[in-house]
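Protein chains in written order, with the working numbering: chain R, 1 to 544; chain P, 545 to 883. Glycine included, every Cβ here is placed at the ideal spot set by N, Cα and C. In this text the structure is predicted, and so the values were computed from the model without any measurement.
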């Protein structure tokens, strides 16, 4: 494996005269570290992979090299393209351009089954197991050992037992229903499925997110067993300390591009990693903050709000004309917090007051009547009637106001929606078109525009720019700032730290369901917030 | 702009729905052409043709009323399997000796209230009891038929009320009263769906319940009202059916749920909710009764008729899946390649 001849077979290798040192052979177009830490041959190589969706360039030139027997970590902020990249590798999406080379051959996976057959298994965050089938049936789902059309149950069970043994979990009975297993057990079943396909590469998307702290150690032990057998692992996590512990090399993505490839996972300083994740190539244009920001009266007052397992003891306030940003990772409880304030979830403890009056818990109607509006995280599934015309989506919360004796006034609704469309620069501005035909950014304008009608005094925005292209982003920021200038309070949740810092007057940092920092936006910088958002697990990891 | 407005009242806002309804009218035309081809002797007589049209509409009237209610429930994201049973229960309840003692007004009132209340119970089970609509209304279907059998003692209850029986036998300006009732319910349903906040909430609740909820619409309350509306339509249908038979019994309106669901689906109502038209549902019902009529005038068996109905349901759903638009795209592409 360490022979120079072997190392020189890589396409990037230059095989200089002193090729005896394999470190010289790994030269790439990017920041690359010597590959001597990783002995295996290259199993997967991506070159300039591009994938676009309407309005978004999700992958914009990704380079990735994964060797057999290594744990290759993917790092990047939300929206950096990690999920899209996984889906390209898993055969869910096909790249628009660029090369995917799998075990030395150019490869294109037409569907997930093809990727599976080729030996690439993906373990998604939401485990895709059938809860009411047994462990063995899940492990061999779709490729059960069979004879003459009959499933060979005994053989399936014994092979499952053998695979579970390889994973160090021979104690899980193959006949047990998956529903009865804890989260960690389900994850092991997912891995057993990967091994049942004889996977050569296993992609794990935030596998530790569903695990308790003591279970993570066990996960790492399994990963080490797998890599010792020559299996490559792509490991995705937000938690730097995990990457340090289990990873061999790190590739960093930002805005759909590889900004650093094959950095050594253990030795690269945190500062460098964070810099490569955040150093922007696209500069977002944020509107200026007004000189006298936030002199308004207190609008929203949240005291000791809790929902067990989601967030605990959160207190915050928003004043009229103020933009308050909440920074936090997926799973920090940020969306749940926003939905609870809005009454879409019922708080287990704590109160929500609008202009001094307590709101009935668990009632969206009460929140809307008190002047709240929300643009939820999942635009399509939570906010829009995709087949309905734009104007009906804009007036979804207010059509009753234009009605007389229960009869709707479509003409007035269209006129009002058209006015909103004009002020938001909706394109195209034909309010009879179905919302489905709009781009992501314009769909988001429709959702925000819904609350510009009527008398919304507090706007809750959950990831308002997810899937929105750069131009429309700037326009949305402008709209949000103008709303605040008119005296509307805004509570904004975003996993993109620059967005929170650039847009908000005041920033709250939420980590694992708790508020860890509150400060004016100009007293914080991106690195500080990212440290707060991510480092928490570092400290707890050290304590464990 | 003015031309746009003029267009819009007839198209409403669903150009797609209007186009689909044109397709249904096309199917109806084909059925009539088949009738003309098979029985030219009958179609030569214009008096017979007019009477036959009225026969078809009369045949469609009871199921038509039930289908309007069903259309609302399906657009609102649910399904109501209990409609036939509610018709039977309301019919039996309004023809008990005690109820008949209150006269025609009392009988009609009883039928409507029974229908409405059973529908509301359905709605409460679905929205606050969180039962799957299929299960809740399936249970109601069995239970309501049971209660109807209990009340009637499994006997046929004859209606002695001349005013009630007259509903089915009276003509106004040469058109049966039953057809007027159907027309009234259809027009009211169309207005309710397309011109009122109730209709808008129905489409929102069925199209995307989460979005409706987050926009401040009380989804549960609206769901209760939708099933109540369906029950009310069943109450109206019960009066009509009782009048036609001059009696009621627990097994009446058998399998009306299937006829109503099939008519709504043929009419372009999406079974997953959020889309559908009253006009389409009406056309669905009329197509069914035209087929029945076609078999009757040719003296053919009802068995063959049911097979044809089944085939039409499948064809309608297939057409919906392919969508007229993609078909048009396919055609235009082919034209490009040959030209």
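Problem set entry | Beta-carbon neighbours of residue 374 of chain R, restricted to chain P and to distances below 8 Å | Numbered from its first residue, the first chain carries residue 374 of chain R at position 374. Within 8 Å Cβ-Cβ: 758.
Exercise. If we call anything under 8 Å between Cβ atoms a contact, is residue 327 of chain R one with residue 509 of chain R?
Worked result: If you number the first chain from 1, residue 327 of chain R lands on position 327. If you number the first chain from 1, residue 509 of chain R lands on position 509. Closer than 8 Å, so yes.
Exercise. In its own chain, which residues sit with a C-beta less than 7 Å from the C-beta of residue 307 of chain R, not counting the 5 before and 5 after it?
Worked result: The count along the first chain starts at 1 and reaches residue 307 of chain R at position 307. Cβ within range, chain order: 336, 340, 345, 347, 348.
Exercise. Could one say the Cβ of residue 752 of chain P lies closer than 8 Å to chain R's Cβ atoms, at least one of them?
Worked result: Position 208 of the second chain holds residue 752 of chain P. So yes, residue 752 of chain P belongs to the interface.
For this session: Classify residue 637 of chain P as helix, strand or coil using the three-state DSSP reduction.
Result: Counting from 1 along the second chain, the entry for residue 637 of chain P is found at position 93. Reduced to three states, the DSSP call for residue 637 of chain P is helix.
Problem set entry | Span separating the alpha-carbon of residue 517 of chain R from that of residue 343 of chain R | Position 517 of the first chain, counted from the start, is the residue given in the question as residue 517 of chain R. Position 343 of the first chain, counted from the start, is the residue given in the question as residue 343 of chain R. Taking the straight line joining both Cα atoms gives about 25 Å.
Problem set entry | Backbone CA spacing between residue 811 of chain P and residue 752 of chain P [nearest angstrom] | Here residue 811 of chain P refers to the residue found at position 267 when the second chain is read from its first residue. Here residue 752 of chain P refers to the residue found at position 208 when the second chain is read from its first residue. One C-alpha to the other measures close to 21 Å.
Exercise. For chain P, is any of its Cβ atoms less than 8 Å away from the one on residue 368 of chain R?
Worked result: For the purposes of this step, residue 368 of chain R is taken as residue 368 along the first chain, with counting starting at 1. Answer yes: the Cβ-Cβ gap between residue 368 of chain R and chain P drops below 8 Å somewhere.
Exercise. Are the Cβ atoms of residue 75 of chain R and residue 243 of chain R separated by less than 8 Å?
Worked result: By 1-based counting over the first chain, the position of residue 75 of chain R is 75. By 1-based counting over the first chain, the position of residue 243 of chain R is 243. Closer than 8 Å, so yes.
Exercise. When you check each C-beta in the segment 394-407 of chain R against every C-beta of chain P, which residues fall closer than 7 Å?
Worked result: 396, 397, 399, 400, 403, 406, 407
Exercise. For the beta strand (DSSP E) that residue 793 of chain P lies in, which residues bound it at each end?
Worked result: As a first step, residue 793 of chain P is located in the second chain; it is residue number 249 there, counting from the start. First-last for residue 793 of chain P: undefined, no H or E at that position.
Problem set entry | Own chain partners of residue 650 of chain P with C-beta closer than 7 Å, once the 5 adjacent residues on each side are dropped | For this step, residue 650 of chain P is matched to residue 106 along the second chain. Only 643 meet the Cβ criterion.
Exercise. If you draw a straight line from the alpha carbon of residue 612 of chain P to that of residue 52 of chain R, how long is it in whole angstroms?
Worked result: For this step, residue 612 of chain P is matched to residue 68 along the second chain. For this step, residue 52 of chain R is matched to residue 52 along the first chain. Cα to Cα, residue 612 of chain P sits roughly 45 Å from residue 52 of chain R.
Problem set entry | the segment 769-782 of chain P contacting the segment 613-632 of chain P, beta-carbon criterion three pairs below 8 Å | yes
Problem set entry | Euclidean distance between Cα positions of residue 30 of chain R and residue 45 of chain R | If you number the first chain from 1, residue 30 of chain R lands on position 30. If you number the first chain from 1, residue 45 of chain R lands on position 45. No answer about residue 30 of chain R holds up, because its pLDDT of 49 lies below 50 and its placement is not dependable.
For this session: Note down, in chain order, every chain P residue with its Cβ under 9 Å from the Cβ of residue 385 of chain R.
Result: Locating residue 385 of chain R in the first chain gives position 385, counting from the first residue. Under the 9 Å cutoff, chain P gives 747, 748, 751, 752, 755, 756, 818.
For this session: May I have a chain-ordered list of the alpha helix (DSSP H) segments no shorter than 4 residues that lie completely inside the segment 389-456 of chain R?
Result: 390-394, 399-402, 410-423, 440-450
Problem set entry | C-beta atoms of residue 746 of chain P and residue 403 of chain R nearer than 8 Å | Locating residue 746 of chain P in the second chain gives position 202, where the first residue counts as 1. Locating residue 403 of chain R in the first chain gives position 403, where the first residue counts as 1. Contact: no.
For this session: Using a cut-off of 7 Å between C-beta atoms, extract the partners of residue 739 of chain P located in chain R.
Result: For the purposes of this step, residue 739 of chain P is identified with residue 195 of the second chain, where counting begins at 1. Result: 407, 408.
For this session: Pick helix, strand or coil for residue 130 of chain R, following the three-state DSSP scheme.
Result: For the purposes of this step, residue 130 of chain R is identified with residue 130 of the first chain, where counting begins at 1. Residue 130 of chain R falls in the coil class under three-state DSSP.
Exercise. Residue 248 of chain R by DSSP, collapsed to three states: which one?
Worked result: Position 248 of the first chain holds residue 248 of chain R. Coil, per DSSP.
Problem set entry | Anticipated Cβ contact below 8 Å, residue 385 of chain R with residue 755 of chain P, distance rounded | Here residue 385 of chain R is taken as the residue at index 385 of the first chain, counted from 1. Here residue 755 of chain P is taken as the residue at index 211 of the second chain, counted from 1. Confirmed, Cβ separation roughly 6 Å.
For this session: Rank P:722, P:670, P:562 by C-alpha distance to the C-alpha of residue 598 of chain P and give the top, closest one.
Result: One-based indexing of the second chain puts residue 598 of chain P at position 54. When each option's Cα is compared against that of residue 598 of chain P, the closest is P:722.
Exercise. Are three or more beta carbon pairs between the segment 202-211 of chain R and the segment 233-247 of chain R nearer than 8 Å?
Worked result: yes
Problem set entry | residue 834 of chain P, enclosing alpha helix (DSSP H) - first and last residue | Position 290 of the second chain holds residue 834 of chain P. Looking at the DSSP string, the run of the alpha helix (DSSP H) that includes residue 834 of chain P is 822-841.
For this session: Could you list which residues in chain P have their beta carbon closer than 9 Å to that of residue 450 of chain R, in chain order?
Result: Position 450 of the first chain, counted from the start, is the residue given in the question as residue 450 of chain R. Result: 759.
For this session: At 3 residues or longer, and completely inside the segment 95-171 of chain R: list those beta strand (DSSP E) runs for me, N to C.
Result: 97-102, 120-123
Exercise. Looking at the C-beta of residue 104 of chain R, does it have a partner C-beta in chain P at a distance below 8 Å?
Worked result: Here residue 104 of chain R is taken as the residue at index 104 of the first chain, counted from 1. So no, residue 104 of chain R is outside the interface.
For this session: Give the DSSP-derived three-state secondary structure of residue 231 of chain R in the structure shown.
Result: For the purposes of this step, residue 231 of chain R is taken as residue 231 along the first chain, with counting starting at 1. The answer is coil: DSSP assigns residue 231 of chain R none of H, G, I, E or B.
Problem set entry | Cβ-Cβ distance between residue 47 of chain R and residue 98 of chain R below 8 Å | The residue given as residue 47 of chain R occupies position 47 in the first chain. The residue given as residue 98 of chain R occupies position 98 in the first chain. It is a contact, given that the beta carbons lie within the stated cut-off.
For this session: Return the CA-CA distance between residue 392 of chain R and residue 566 of chain P, expressed in angstroms with no decimal places.
Result: In the first chain, the residue the question calls residue 392 of chain R occupies position 392. In the second chain, the residue the question calls residue 566 of chain P occupies position 22. Roughly 25 Å separates the two Cα atoms.
Exercise. Can you find a CB in chain P that lies within less than 8 Å of the CB of residue 365 of chain R?
Worked result: Taking the first residue of the first chain as position 1, residue 365 of chain R is located at position 365. Yes, contact with chain P.
Exercise. Any contact of the segment 58-77 of chain R with the segment 113-131 of chain R, i.e. 3+ C-beta pairs under 8 Å?
Worked result: no
Problem set entry | Whole-number beta carbon distance between residue 619 of chain P and residue 818 of chain P, since they are thought to touch under 8 Å | As a position in the second chain, residue 818 of chain P is number 274, starting the count at 1. As a position in the second chain, residue 619 of chain P is number 75, starting the count at 1. With a Cβ gap of about 7 Å, residue 818 of chain P and residue 619 of chain P count as contacting.
Exercise. Which of the residues in the segment 712-742 of chain P, read from start to end, lie with their CB under 7 Å from any CB of chain R?
Worked result: 739, 740, 741, 742
Exercise. DSSP on residue 220 of chain R, reduced to helix/strand/coil?
Worked result: Here residue 220 of chain R corresponds to residue number 220 of the first chain, with the count starting at 1. Of the three classes helix, strand and coil, the one that applies to residue 220 of chain R here is helix, per DSSP.
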